[in-house]
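Numbering (this note's numbering), first residue to last: 129 to 265.
See structure below.
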């Protein structure tokens, strides 16, 4: 990733958090923010479920994960998402909207607690980069 692209993404994250802090009025209480995060988490889950049950663009074929303990390095290749099919444009639009709303309230939570969302992302990215598959997430 080139430096200009990285700086633009850093600016976008910081700008988003600042914008949220300026426009959040109705649900400013930490309790409101926490319950809104729960609400939009549920809405994301429901949108995925509706992609399966109503639209049918996705299917879930879940079964026990078959991890080969002999080769830890191959775990990412053997783990399955259990999702089959491709999400349609309509379902994708709904999911993007719900994820966007979730991110709005996540930025609000960070702002309320004086935590930089950008710093959180950078630290998590660095942990993922450093630990790789050994993070076991």
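Glycine included, each C-beta is placed from N, C-alpha and C at the ideal position.
Alpha carbon of residue i to alpha carbon of residue j, nearest angstrom
i           : j           : result
residue 238 : residue 247 : 10 angstroms
residue 255 : residue 152 : 31 angstroms
residue 215 : residue 171 : 16 angstroms
Nonlocal neighbours in the same chain, by C-beta distance under 8 angstroms from residue i, ignoring five residues either side
i           : result
residue 190 : 210
residue 145 : 235, 238, 239, 244, 245 and 246
Three-state secondary structure assigned by DSSP to residue i
i           : result
residue 242 : coil
residue 223 : helix
residue 158 : helix
residue 261 : helix
Below-9 angstroms beta-carbon distance, residue i vs any chain D residue
i           : result
residue 249 : Reference to chain D is not applicable here, since this structure consists of a single protein chain.
Nearest-angstrom Cβ-Cβ length linking residue i and residue j, presumed shorter than 8 angstroms
i           : j           : result
residue 168 : residue 226 : 6 angstroms
residue 223 : residue 176 : 7 angstroms
residue 185 : residue 228 : Contact doesn't hold; Cβ gap of about 20 angstroms is too wide.
Same chain, Cβ closer than 7 angstroms to residue i, five either side skipped, listed in chain order
i           : result
residue 142 : 246
With 16 other Cβ atoms within 10 Å as the buried cut-off, status of residue i
i           : result
residue 89  : The chain is shown only over 129 to 265; residue 89 falls outside these bounds and no answer can be derived.
residue 156 : exposed
residue 268 : No information on residue 268 is available, as it lies outside the stretch 129 to 265 that the chain covers here.
residue 164 : buried
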